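Residue numbers (the working numbering): -3 to 78. Inspection log for the structure reproduced underneath, given as structure tokens.
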């Protein structure tokens, strides 16, 4: 193969590969940009909802602990007339 033909083939192959790499890099770069305002708003609303549910769960667990303490205390105390 003549050096000129080899050089053209090599440059073509490298050029196509470089073009492809640049295109793929741009696709990944745009994909990593910040989400739209709608998605951000929905995510923030979900975070607030989850925080509210966590607070309710914590309060429910405290009430359950309190009820368990009352029940165990009632079982330990001697009953009058019993």
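Where is the CB? At the ideal position from N, CA and C, for every residue including glycine. Predicted model only: the values in this text are computed from it and were never measured.
- Within the model, the alpha-carbon separation for residue 45 versus residue 61 is close to 24 Å.
- Leaving aside the five residues that flank residue 36 on each side, the residues in its chain whose CB is nearer than 8 Å to its CB run, in chain order, 30.
- For the region 1 to 28, not one full-length beta strand (DSSP E) segment reaches 3 residues or more.
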